[in-house]
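Peer 1: Okay, handing you the structure first.
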Amino acid sequence: RKFHISEISVRTLQVNLEENAKCEVNWITASAETAKIDNKEAKDQKQPASDPAKTAIGGDSLVIRKLDLRDLTVNHYTPDTTEPLSYEIQQCQGAMLPGKPMTVDLDGTWLQFPYKVAISIASLEEFLTENRSWMDIEAEISGASLTFSGNVDLAGVNRSMALKATIAGENLSSLDDLLQLDLPPLLQYSGHTDLFLEKDRFTMNNLEIKTGSSSLQGTAKITQSGDITEAVVEFTSPLVQLDDFIFEDYSWSGEETETTGKGGEKDAVEEVDKSQEKPAKANRKLLDPDFLAKFDAALIVRADQVLSGEDNLGGGFLKAALQGGRIAIDPLQLNVPGGSIEMAASFKPGTNKSDASLKAVMRNFDIGILVRHNRPEATMGGLVNLDIDLQSSAASPRELMANGNGYFDFSGN
């Protein structure tokens, strides 16, 4: 009753999964009903009596001395794609020895993105003794390094995993094509958390995100409720540098941006003939209405210090929500030295305009902060007071002001 395998070896295996326009496929899977029938038939058959002492599982019940897989490919053909979605394992080596962790090292491509993964899992002996397991995973893909390390609880009714997870990279936008999202180009980003996974829910404690000189610490709870993903995120921050989150030539919603040179004219790169280029599938924008409709979220950020370049904007507070595709910020507060800023806004991105609003009150705000953001060498300054209350019909942030009705009061010295 023990399986000792000296070697599992596979060379060049290709599997083609095909799906046509009628959603017909060339593979089958067992349904729950089929599984019930098979189980019933198995129970109806008389099983030979067994000696528990002989069938007890031990730490050497399953041994694989060498796992060696090379050139494995799964191609998924669909009517919507001209090229198949390909998943390749170029090389996979591992072992499962008595009393030692199971190890697997593999590299290949995932949707044309090269990856490397190293996995270690607790030995069968440790699992049988403690009724739990642990695992360590290290992975590299698309310019990002990821690690997961922790325990798997198999004793309780609700299976769960508690992992320490990290991610780091040079530029967050390197993950765009892999995730099919147009992510902001956060530079030198990193994140780590204590991740607790349960069915339809995972919790992130001791969550810390860094980019540039900015850092955020807090918690996040994410729950899957039907077709909607619900998230509650709360951060505190010792320092937020606004320059770390302002990106030229990046659009959150897909609105066109212009790249300008020192002379104020569009760069010549716009004149390049693109007629010979293969059209690329556009990644989904973060403010895409179809994407936003899948989430309901609440976000709170408290910052001890907010900087804009060298300018100190004091402390800050942000409360935002996403509900039914509508984004609401209420409030955004900055306690600037000698004054304050408080703002609130609400709009629903989409192809059709909907109700939107913008309110802002500034007291004794140094206008030089805005000037120095574009021209750090500027010495211009002056205090301004601003009171805005607008109701609008808009489908994007840009249209808030263009179609607004209300009042706009301004004074300065």
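Take any residue in the sequence shown, note its place counting from 1, add 2, and you have its number in our numbering.
Using N, Cα and C, we set each Cβ at its ideal position, and we do this for glycine too.
From a predicted model like this one, the values you see are computed outputs, not experimental measurements.
Give the DSSP-derived three-state secondary structure of Thr131 in the structure shown.
Peer 2: DSSP places Thr131 within a helical segment (H, G or I) once states are collapsed to three.
Peer 1: Pairs of beta-carbons, one from the segment 351–366 and one from the segment 398–412, closer than 8 Å: are there three or more?
Peer 2: yes
Peer 1: Pairs of beta-carbons, one from the segment 91–108 and one from the segment 66–83, closer than 8 Å: are there three or more?
Peer 2: yes
Peer 1: Between Val243 and Met345, what straight-line distance do the alpha-carbon atoms span, to the nearest angstrom?
Peer 2: Per the sequence presented here, residue 243 reads as Gln, with Val not at that position. Taking the straight line from one Cα to the other gives about 19 Å.
Peer 1: What does DSSP give as the partner residues of Glu236 in its beta bridges?
Peer 2: Thr221, Ile302
Peer 1: Helix, strand or coil for Phe5 per DSSP?
Peer 2: strand
Peer 1: For Ala141, which of Glu132, Asn153, Gly171 has the nearest alpha-carbon?
Peer 2: Gly171
Peer 1: To the nearest angstrom, how far is the alpha carbon of Gly317 from that of Asp196?
Peer 2: 28 Å
Peer 1: Given that a residue counts as buried once 16 or more other Cβ atoms are within 10 Å of its Cβ, and exposed if not, what is Thr262?
Peer 2: At Thr262, the pLDDT of 41 sits below 50, so the modelled position is not reliable; the number obtained from the coordinates is stated separately. Exposed, because fewer than 16 other Cβ atoms sit within 10 Å of the Cβ of Thr262.
Peer 1: Leaving aside the five residues before and after Thr149 along the sequence, list all residues of the same chain whose C-beta is less than 6 Å from its C-beta, in chain order.
Peer 2: Glu140, Thr168
Peer 1: Contact between the segment 226–239 and the segment 283–301: three or more CB pairs below 8 Å?
Peer 2: Cβ pair count under 8 Å is three or more, so yes.
Peer 1: Is it buried or exposed for Pro351, if we count other Cβ within 10 angstroms and need 16 for buried?
Peer 2: buried
Peer 1: Starting from the C-beta of Asn413, find all residues in its chain whose C-beta is less than 6 Å away, skip the five residues before and the five after it, and write them out in chain order.
Peer 2: The amino acid at residue 413 is misidentified as Asn; the sequence shows Ser. Only Asn387 meet the Cβ criterion.
Peer 1: Taking all protein chains shown into account, do 16 or more other C-beta atoms lie within 10 angstroms of the C-beta of Ser216, making it buried, or fewer, making it exposed?
Peer 2: Buried, because 16 or more other Cβ atoms sit within 10 Å of the Cβ of Ser216.
Peer 1: Between which two residues does the alpha helix (DSSP H) harbouring Ala2 extend?
Peer 2: Given that the chain is displayed from residue 3 to residue 415, the structure contains no residue 2 and the question cannot be resolved.
Peer 1: Taking Cβ positions, are Ala295 and Gly327 nearer each other than 7 Å?
Peer 2: yes
Peer 1: Quick check on this structure: which residue in Glu132, Thr231, Asp246, Ile371 has the alpha carbon closest to the alpha carbon of Phe2?
Peer 2: Because residue 2 is not part of the residues shown, which for the chain are 3 to 415, the question remains open.
Peer 1: Does Asp457 pass the burial test, meaning 16 or more other C-beta atoms within 10 Å, or should it be called exposed?
Peer 2: Outside the shown range of the chain, which is 3 to 415, sits residue 457, and nothing can be said about it.
Peer 1: For Arg365, decide whether its Cβ has a neighbour in chain B, counting only Cβ atoms nearer than 7 Å.
Peer 2: Among the chains of the structure shown, chain B does not appear; only one protein chain is present.
Peer 1: Applying the criterion that 16 or more other CB atoms from any shown protein chain within 10 Å of the CB defines a buried residue, is Glu9 buried or exposed?
Peer 2: exposed
Peer 1: Can you tell which of Asp313, Leu181, Phe115, Asp246 has its C-alpha closest to the C-alpha of Ile143?
Peer 2: Phe115
Peer 1: Write down the C-beta distance between Leu188 and Leu209 rounded to the nearest angstrom, noting that I regard them as a contact closer than 8 Å.
Peer 2: So it is not a contact: roughly 16 Å between Cβ atoms.
Peer 1: Cα-Cα, which of Phe297, Pro378, Arg400 is closest to Gln325?
Peer 2: Phe297
Peer 1: If you draw a straight line from the C-alpha of Lys223 to the C-alpha of Leu199, how long is it?
Peer 2: 10 Å
Peer 1: Closest by CA to Ile371, which one among Asp391, Val338, Glu127?
Peer 2: Residue Val338 is the option with its Cα nearest to Ile371.
Peer 1: Beta carbon of Lys355, beta carbon of Ala397: below 7 Å?
Peer 2: yes
Peer 1: Taking all protein chains shown into account, do 16 or more other C-beta atoms lie within 10 angstroms of the C-beta of Ile343, making it buried, or fewer, making it exposed?
Peer 2: buried
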